[in-house]
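Encoded as structure tokens, the structure appears first; notes follow it.
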Amino acid sequence: MADSAAGPEIERLIALLAKLPGLGPRSARRAALQLIRKRDVLMVPLAEAMADAADKIKICSNCGNIDARDPCAICASPKREDSLICVVEQVGDLWALERASAYKGRYHVLGGALSALDGVRPEDLNIARLIKRARNGGISEVILALSMTVDGATTAHYITDRLQALGVSVTSIARGVPMGGELDYLDDGTLAAALKSRRPF
Amino acid sequence: MTRSLAITRLRLTDFRNYTRAELALDARPVALAGPNGAGKTNLLEAVSMLSPGRGLRRAKLDSLRRAGNGETAPAWGVAATIARAGETHEITTGVAPEAPNRRIVKIDGTNAPAADLTALIPMVWLTPAQDRLFMGPPGDRRRFLDRLTLAAAPDHARNASTYEKAMRERQRLLDDNVFDPSWLGALEARMAESGAAMAAARARTLSRLAEQIAASPDTAFPTAALALDGALEEAALAGETPETIAESFTRKLAEARNRDAAAGRALSGPHRSDLRVTHREKDAPAAQCSTGEQKALLTGLILAQARALAADHGIGPIVLLDEAAAHLDPDRRAALIAELNDLGAQAWLTGVESRLFEAFTTDAQMFRVETGEITPG
């Protein structure tokens, strides 16, 4: 890299920002400049928010969600249905489902998907805890909301296999035509899956 | 006769040995003659990039950039105008300088997935690299069949990559001595599901080829009898459903865990299947036929595939034949040209001498290719 125009403090800030998802070196420089320009209204509050979050964020010991308290707000909420658990790979997936506000049960965050090649084993995932929750009783249905990838499907299969012995009903979210989607634009695999999981209208 | 699919304009930019080249064409066959190393195959390769995948040389994308005198062009591009069933379409493909390994495809000015090209401009090809197909390893024949399958079943690629990935995952577990039945079972279910779908698609391709071969008994090319070596494909050909095939394959995989762990790889499955081709008139395996007979068999197969595609899409595919005429005797050469004409789509042929194309000089567009220069005539 060429000689930097800025001092080491700024360079360090840029280097750290460039590690964020969606930011490259160029956009990190722009972000850093914007922070510096708006030091009082943006940079200082951001630094405080980050320090605060770094200090307080915990992983929920029940479901694997992240929150400032343990158990997390979802696990602690009395308004949520206790008998439903929705299993997701990442916290981001949980947030996506919450944005849809179509689900009123509890969650379970695995922290990834099984992958022998990437060295992700069942013990690396939050699976034992899920089985324990199911074994404790009061669960009528476990909903699997995992990625439609080989790893996601393998993980779904694995969990189903482990839960079957407990007599818990395991379901999987549907795959098929997206809302507002035109059939003409769908790939063949999605169309075939949609047709396979058709239901009475 | 009217041809319903043709490239009417082709423009190359920094592609292989071409700095810039432009061809204005009509629907007739395109014959390219010129000495070795002049760039005839490069031109066919440029046309082959108008279909999904890595083209007829299976080249790396960044290696398609023009290189010479220690300099490499930052990007390459192929642009074509095609006339298809009375409509005109513009297709451009290439890479951008900032991402020389990512292919860009535009159809009528809009970015599109490369897979969309399969239906828009169906294409088959025959290259000298395929001459040893019948003698070479089974993997070559499997790839050949899979390419034919892909043209009719775009899902085939995804099934193959799902199968491959699940198989590698399973093998890693076996190699690491992780005999977790739930995990292995989950991966084997993936393998079985995608493997059965692959086998079914291959079996369908084989049946369609066999139909086309049977439908043209008066061809000048030897008749190929086709068979698939592979338990899943055989079951599919016998009419078993993918579900039944997957079920029995899952069982077999579970039983084979110890064996596959010891071998360090999965010893059975559709990744080991082979395409068996027999010269029907001689009743001899293709590998035992003469070089010329093998080439004729292969040409016959490609023509059958082209007819099958024409039947499926209602439009004949573009046929690229690299040095295909040289191995054929004059009668077969004339027959090849007649059959290409019947297909109703543009054919592209290369040869060292224009004499090879004598049989259709009146009904073809002849070009001379010399060190990156293309001249009519």
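Sequence order for the protein chains is A and B. Per the numbering used here, the first sequence runs over residues 23 to 223. Per the numbering used here, the second sequence runs over residues 45 to 421. Cβ atoms here follow ideal geometry from the backbone N, Cα and C, with glycine treated the same way. In this text, all values refer to a predicted model and were calculated from it rather than measured experimentally.
1. Below 8 angstroms on the Cβ atoms is my guess for B/S317 versus B/G274; work out the distance and round it to an integer in Å.
2. Quick one: measure Cβ to Cβ for A/G86 and A/N148, integer angstroms, because I've assumed they're closer than 8 angstroms.
3. Which residues mark the beginning and the end of the beta strand (DSSP E) in which B/I126 is found?
4. So, helix, strand or coil for A/S49, using DSSP?
5. Check whether the Cβ of A/P30 lies closer than 8 angstroms to any Cβ atom in chain B.
6. A/R155 and A/I107 - do their beta-carbons sit closer together than 8 angstroms?
7. Please report whether the beta-carbon of B/P141 lies at a distance below 8 angstroms from any beta-carbon of chain A.
8. Can a CB atom of chain D be found closer than 8 angstroms to the CB of B/E213?
9. Do B/T263 and the ligand COA come close, with the Cβ less than 7 angstroms from some heavy atom?
10. Taking B/P286 as the reference, give the member of B/L272, B/E325, B/A243, B/G121 with the closest Cα.
11. Counting only C-beta atoms, is A/D183 closer than 8 angstroms to chain B at any point?
12. Within 10 Å of its beta-carbon, does B/L54 have 16 or more other beta-carbons around it, so buried, or fewer, so exposed?
13. Between B/R234 and chain A, is the shortest Cβ-Cβ distance under 8 angstroms, so that the two count as touching?
14. Taking contact to mean 3 or more Cβ pairs, one atom from each stretch, closer than 8 angstroms, check whether the segment 407-414 of chain B and the segment 78-90 of chain B are in contact.
15. Within the segment 69-114 of chain B, note down every full alpha helix (DSSP H) run reaching 4 residues or more, in order along the chain.
16. Give, in chain order, every unbroken run of the beta strand (DSSP E) that is at least 3 residues long and sits entirely within the segment 126-155 of chain A.
17. So the candidates are A/E103, A/A98, A/L132, A/K126; which of them puts its Cα closest to the Cα of A/G114?
18. Pull out every residue of the segment 195-208 of chain B whose Cβ sits closer than 7 angstroms to any Cβ of chain A, in chain order.
19. If the cut is a Cβ gap below 9 angstroms, which residues of chain A does B/G229 touch?
20. Using a Cβ-Cβ cut-off of 7 angstroms (strictly less than) and excluding sequence neighbours within five positions of A/I81, which residues of its own chain qualify?
21. To which residues of the same chain is B/A127 closer than 6 angstroms at the C-beta, ignoring the five residues directly before and after it?
22. Please state the DSSP three-state secondary structure of A/C97.
23. What do you get for B/F59, buried or exposed, if any count of 16 or more other CB atoms within 10 angstroms of its CB means buried?
24. Of all the CB atoms in chain A, is at least one closer than 8 angstroms to the CB of B/A210?
25. Could you tell me whether the Cβ of B/R216 comes closer than 8 angstroms to any Cβ of chain A?
26. For the beta strand (DSSP E) containing B/H323, list its first residue and its last residue.
27. Please name the residue or residues paired with B/Y62 in a DSSP beta bridge.
28. Indicate the three-state DSSP secondary structure (helix, strand or coil) for A/D62 in the structure shown.
29. What are the boundary residues of the beta strand (DSSP E) that includes B/G138?
30. Does B/S226 come within less than 8 angstroms of chain A when only Cβ atoms are used?
31. B/E414 by DSSP, collapsed to three states: which one?
32. Name the two residues that bound the continuous alpha helix (DSSP H) containing B/A280.
33. What would DSSP say about A/D89, mapped onto helix, strand or coil?
34. Distance, Cα to Cα, B/P374 vs B/A195?
35. When you check each C-beta in the segment 194-210 of chain A against every C-beta of chain B, which residues fall closer than 8 angstroms?
36. Whole angstroms is fine: what's the gap from A/A215's alpha carbon to A/R197's?
A quick look at the data gives this:
1. Right, the Cβ-Cβ distance comes to about 3 angstroms (below 8 angstroms), so this counts as a contact.
2. A/G86 to A/N148, Cβ: 4 angstroms. Contact.
3. That run of the beta strand (DSSP E) goes 121-128.
4. Helix, per DSSP.
5. Contact of A/P30 with chain B is not assigned, every C-beta pair being separated by 8 angstroms or more.
6. Cβ distance < 8 angstroms, so A/I107 and A/R155 count as in contact.
7. Chain A has no Cβ within less than 8 angstroms of the Cβ of B/P141.
8. In the structure shown, chain D does not exist; the protein chains are A and B.
9. No copy of the ligand COA occurs in the structure displayed, which carries no ligand at all.
10. Of all alpha-carbon atoms in B/L272, B/E325, B/A243, B/G121, the one lying nearest the alpha-carbon of B/P286 is that of B/A243.
11. For A/D183, the closest Cβ of chain B is nearer than 8 angstroms.
12. Looking at its Cβ environment, which holds 16 or more other Cβ atoms inside 10 Å, B/L54 is buried.
13. Cβ-Cβ to chain A under 8 angstroms: yes for B/R234.
14. Contact between the segment 407-414 of chain B and the segment 78-90 of chain B is present, with at least three C-beta pairs closer than 8 angstroms.
15. Correct list: 84-92.
16. 128-131, all fully within the segment 126-155 of chain A.
17. Distance check between A/G114 and each of A/E103, A/A98, A/L132, A/K126 places A/L132 closest, using alpha-carbon atoms only.
18. Answer set for the segment 195-208 of chain B: P198, D199, R202, T206.
19. The contacting residues are H179, Y180, D183.
20. Beyond the five residues adjoining it in sequence on each side, A/I81 comes within less than 7 angstroms, by CB distance, of I88 in the same chain, given in chain order.
21. Taking B/A127 as the centre and dropping the five residues before and after it, the same chain places the C-beta of A50, T52 closer than 6 angstroms to its C-beta, in chain order.
22. Three-state DSSP puts A/C97 in a helix.
23. Classification of B/F59: buried, given that the 10 Å Cβ count is 16 or more.
24. By this cut-off, B/A210 is an interface position.
25. At a cut-off of 8 angstroms, the C-beta of B/R216 has a neighbouring C-beta in chain A.
26. Following the DSSP letters along the chain, one finds B/H323 inside the beta strand (DSSP E) bounded by residues 318-323.
27. B/F59, per the DSSP bridge assignment.
28. Looking at A/D62 - three-state DSSP - the assignment turns out to be helix.
29. That run of the beta strand (DSSP E) goes 131-140.
30. With 8 angstroms as the cut-off, B/S226 counts as an interface residue toward chain A.
31. Strand.
32. 275-281 is the extent of the alpha helix (DSSP H) around B/A280.
33. Three-state result, A/D89: strand.
34. For B/P374 and B/A195, the distance between alpha carbons rounds to 31 angstroms.
35. Within the segment 194-210 of chain A, the qualifying residues are D209, D210.
36. About 6 angstroms.
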